[in-house]
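Novice: The structure under discussion is supplied below as structure tokens; questions concerning it will follow.
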Amino acid sequence: MRYVLLFVLMCLCSACGSSTNEETLSNTDPSPTNQEEMGFLHIQKISADNASAGTKIIKDKEKIQNILSATENVKVQETSKNTNMEKQTDQPSYLFSFSKQRNVNEQAAYSFFLYQDGTIIILTEQDHNYIVPPEDSNEAMERIQEIANLTDED
């Protein structure tokens, strides 16, 4: 459990930074290029008060590929690193972190948050993140929830 909390804190710290243009909608594909190397998916449920509410690990490569493909070619906007912190204070979310190894202390190769309202925030190492607003994420959100077998009770 200590490692899970450390992992969440590392992800939250990486979400801090400066703001960028939130107006430009593009078809940029922020998904990773090394998908075949990702052997583990860590799904962390986070309650609205930022408390960890459980972790699920997926090792099935087909499920991992299907979840990754659900976020490909979605319309995204650049957003500030602070947007993620603001969203976390008002609703539960899931943190999806893809990595080569099972170790949760390893830097995730690709991560995104899926919020209860359907918003997806894709974390980057750049000075901004990407946001997929709920109106553009419905199909992706439904696919991700189905593949990862997420329910409100998870």
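When you line the sequence shown up against mature numbering (1 follows the signal peptide of the UniProt record, and there is no 0), it's residues -20 to -1, 1 to 134, in that order. In this text, a Cβ means the ideal position worked out from N, Cα and C, and glycines have one as well. All figures in this text were calculated on a predicted structure; none of them were measured in a lab.
1. What is the DSSP secondary structure of A33, counted as helix, strand or coil?
2. Which residue from S117, E17 and I111 puts its Cα closest to that of N62?
3. Which ranges would you report for the alpha helix (DSSP H) in the region 19 to 93 if only whole runs of at least 4 residues count?
4. Given P114, which residues of its chain have a CB within under 7 angstroms of its CB, disregarding the five upstream and five downstream residues?
5. Taking the straight line between their C-alpha atoms, what separation do you get for L103 and D40?
6. M121: buried (16+ other C-beta within 10 angstroms of its C-beta) or exposed?
7. Among the candidates I124, F92 and T35, whose CA atom is the shortest distance from the CA of V56?
8. Taking DSSP's pairing of strands, which residues face I101 in a bridge?
9. DSSP three-state label for N129, please.
10. How many angstroms separate the CA atom of T35 from the CA atom of L130?
11. Please classify K67 as buried or exposed, where buried requires at least 16 other C-beta atoms within 10 Å of its C-beta.
12. In its own chain, which residues sit with a C-beta less than 7 angstroms from the C-beta of H108, not counting the 5 before and 5 after it?
Specialist: So, from the data block:
1. Strand, per DSSP.
2. The residue with the shortest Cα to Cα distance from N62 is I111.
3. Complete alpha helix (DSSP H) runs here, min 4: 41 to 50 and 62 to 68.
4. Excluding positions up to five away in sequence, the list reads D97, G98 and T99.
5. C-alpha separation (whole angstroms): 23 angstroms.
6. Here M121 is buried, its C-beta having at least 16 other C-beta atoms within 10 Å.
7. Comparing Cα positions, the closest option is F92.
8. Looking at the DSSP assignment, I101 forms a beta bridge with F93 and I111.
9. Here DSSP, grouped into helix, strand and coil, assigns N129 to coil.
10. Each residue's alpha carbon lies about 11 angstroms from the other.
11. Around the beta carbon of K67, a 10 Å sphere encloses 16 or more other beta carbons of the protein chains shown; the residue is thus reported as buried.
12. Cβ neighbours of H108 within its own chain (closer than 7 angstroms, five residues either side excluded): T(-1), E58, T59, S60 and K61.
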